[in-house]
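Step one of this worksheet: look at the structure below.
Protein chains in written order, with the numbering used here: chain C, 286 to 608; chain H, 608 to 985.
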């Protein structure tokens with residue numbers, strides 16, 4: 286059993302065509318192919334995923350296929366690191382494109398600094414026409430153009446994330462209640478992981494390297510206000526769920542109702558303001574104003590929803606029913 | 608045949624040997640300038656997009672920067688067909704900046720237009736730009752909006768830069784406000800001495816040149832997307848992204864230092880200024896306040912320059928005061944350090960502050976107060 290420096294783990298669900306592109310992309314990395322392996326974790330896909338991987342594996346070495354029957358990104362990610370053999374595992378989203386020097390930069394970071402966890406930015410690219418109002422930064426995750434250690438309230442994104450495998454094992458992998466499940470959205474598993482790393486292992490650095498960038502394909506589905514609204518709401522929910530998991534407070538019924546009414550009122554005000562009195566230099570289209578200003582209220586509503594349902598019996602009952 | 612040949616006045620194409628060749632024709636109105644390095648894949652499309660312009664009084668200077676693929680053959684074939692094309696070629700790859708300067712040195716047109724070897728010009732581009740420049744003699748540097756297309760030519764997105772000179776000047780303090788492939792500028796600016804690309808710069812050479820040109824002329828951007836920038840695997844892969852940002856950072860830093868003569872500005876501060884130009888962090892820490900103050904200092908110094916349109920300036924000021932106020936005031940309105948900054952925000956534009964208080968802050972304040980009440984009583 287040989288070992289590698291990096292195991293690239295791609296968790297995928299019903300995206301065989303994108304996956305095929307990404308694998309082509311990954312096969313032309315500038316580093317020596319014997320230093321890394323590629324693991325594709327198929328999370329119950331119903332399409333051609335398996336065939337795509339098998340076809341790719343016949344022409345390229347160091348490719349393995351894992352199948353995770355439990356639906357959920359966290360399950361798939363945990364499956365991935367358990368079958369990985371590399372010193373570091375690299376989590377990459379299946380809708381990314383990687384530049385040829387991606388792993389070379391990662392190796393350089395490992396050799397120079399060897400942080401417990403590190404990652405880079407992703408930039409939006411499009412494979413379908415982009416609506417006018419949708420800005421590149423909405424689909425990108427960039428934390429500056431300087432390599433540095435992140436501060437306490439900054440988090441790397443899970444689309445382009447490297448972790449030392451022994452560390453991930455020690456932390457117990459990703460939290461399964463916080464990740465995406467099938468077509469359902471979910472965010473927070475990687476944030477929770479970084480928080481637990483920060484609280485339990487203060488000596489380990491979380492490092493950001495801008496040269497370690499990938500491109501992230503923003504699909505037409507995501508470039509709608511409707512999707513963005515849902516995304517913001519769900520992000521708020523998962524943030525609160527993470528706080529709850531760490532033992533956050535509960536909110537009384539009266540307070541939550543009052544807070545909800547206030548937030549809804551602010552949401553309406555913001556939506557109307559966006560149409561009539563927005564700063565047109567900063568928000569060229571009304572959608573920009575809604576996306577950047579009004580939707581902060583949706584996030585808050587998501588938090589309230591989670592906070593409220595966390596403290597009530599209905600929620601607990603429903604959650605048990607699901608298990 | 609790969610070697611450069613001396614120019615033949617009667618032949619269809621003019622070749623260049625290094626010395627400036629005598630022109631056999633009258634001076635054209637526009638010079639279109641292109642440099643190619645191993646760009647065979649999209650080269651024909653790019654050349655044809657220029658040759659099929661609705662405006663035809665132009666010369667087309669193409670510098671073959673030591674290509675080793677079929678680019679040379681494609682160029683020679685087009686040069687043989689169309690007498691407006693002038694070819695320069697060198698055996699070694701000397702880089703985009705030097706190649707462009709070499710092309711500039713033989714350009715004859717009144718207006719100079721850039722065109723990249725993988726991008727497209729829409730048919731009306733030259734006509735629209737020449738018409739605009741002739742109607743606005745004060746404007747010497749003109750860009751356009753641009754579309755982004757993929758390898759197959761499908762349009763993915765349209766981007767617009769600020770359109771009026773004052774807004775462009777403000778953005779140019781932090782970021783380039785022109786799409787390189789879309790720019791047309793007046794040649795008399797080159798003749799005045801400042802119009803060459805800085806050959807020390809591998810990237811961002813265009814940003815640096817526009818900064819210099821904008822000192823002696825006004826700039827503008829047309830609202831119509833008249834060029835198409837191609838996004839393909841080679842330029843998406845660009846390993847140069849960070850180097851490019853570093854160079855742009857130095858260019859911005861020099862300008863900002865020039866504008867704020869009595870202040871010491873570090874490159875890191877400029878990095879934050881540039882990063883926050885698009886979106887300020889939603890929560891600022893105490894160490895971020897000096898950077899916010901820098902924006903206000905810059906606004907003051909910027910407004911004292913000549914050629915600034917006061918109405919546009921007040922719009923920019925209002926926008927920045929609001930943005931900074933919203934970011935600063937969310938948590939720390941009572942903070943001693945922030946109080947100074949907020950006071951100067953009020954001094955800059957008290958109505959903007961008042962408006963943002965009435966719009967957003969009431970709700971936020973209430974929420975903060977309520978959450979603190981829970982901490983105390985709950």
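Cβ atoms here follow ideal geometry from the backbone N, Cα and C, with glycine treated the same way. Quantities reported herein were computed from a predicted structural model and do not represent experimental measurements.
Closest in alpha carbon position to residue 787(H), among 754(H), 801(H) and 758(H), is 754(H). Taking 8 Å as the cut-off, the beta carbon of residue 901(H) is found no closer than this to the beta carbon of residue 920(H). Residue 657(H) and residue 915(H) have their C-alpha atoms roughly 35 Å apart. The stretch 397-428 of chain C contains, as complete beta strand (DSSP E) runs of 3+ residues, the segments 402-404 and 407-411 (chain order). For residue 457(C), there are no C-beta contacts with chain H under 7 Å, since the nearest C-beta of that chain is about 31 Å from it. Bounds of any alpha helix (DSSP H) do not take in residue 789(H), whose DSSP letter is neither H nor E. Residue range 874-883 is occupied by the alpha helix (DSSP H) that includes residue 877(H). DSSP places residue 507(C) in the helix class (H, G or I) of the three-state scheme. At a cut-off of 8 Å between beta carbons, residue 930(H) contacts chain C. At a cut-off of 8 Å, the C-beta of residue 417(C) has a neighbouring C-beta in chain H.
Residue 381(C) sits in a strand when the DSSP states are folded into three classes. Using a C-beta cut-off of 8 Å, the stretch 664-684 of chain H makes no contact with the stretch 857-864 of chain H, since fewer than three inter-stretch Cβ pairs fall below that distance. Note: residue 334(C) is not bridge-paired with any residue in the DSSP secondary-structure output. Relative to the Cα of residue 370(C), the nearest Cα in the group 320(C), 582(C), 359(C) and 339(C) belongs to 320(C). Fewer than three Cβ pairs drawn from the stretch 395-407 of chain C and the stretch 737-748 of chain H lie within less than 8 Å of each other, which leaves the two stretches out of contact. Nearest Cα to residue 562(C) within the set 318(C), 548(C), 550(C) and 578(C): 578(C).
Here DSSP, grouped into helix, strand and coil, assigns residue 513(C) to helix. Within chain C, not a single residue places a beta-carbon under 8 Å from that of residue 815(H); the smallest gap is close to 18 Å. Residues of the same chain with a CB within less than 7 Å of the CB of residue 481(C), apart from the 5 flanking positions on each side, are 456 in chain order. In its chain, beyond the 5 residues on either side, 325 and 338 have a beta carbon closer than 6 Å to the beta carbon of residue 350(C). Under the three-state reduction of DSSP, residue 728(H) is assigned to strand.
Counting only the Cα atoms, residue 294(C) lies some 49 Å from residue 695(H).
Here the alpha carbons of residue 408(C) and residue 501(C) stand approximately 6 Å from one another.
Taking a C-beta cut-off of 7 Å against chain H, the contacting residues of the stretch 420-443 of chain C are 422, 429, 430 and 431, listed in chain order.
Judged by DSSP in its simplified three-state form, residue 650(H) adopts helix. In this structure, the alpha-carbon of residue 329(C) lies about 54 Å from that of residue 922(H). Proximity of residue 564(C) to chain H, defined by a Cβ-Cβ separation below 8 Å, is satisfied.
As the crow flies, the alpha-carbon of residue 812(H) is around 6 Å from that of residue 804(H).
Contact with chain H is found for residue 410(C), since one of that chain's Cβ atoms lies less than 8 Å from the residue's Cβ. Residue pairing for residue 832(H): DSSP places it in a beta bridge opposite 752(H). Distance from the CA atom of residue 382(C) to the CA atom of residue 444(C), rounded to whole angstroms, is 11 Å.
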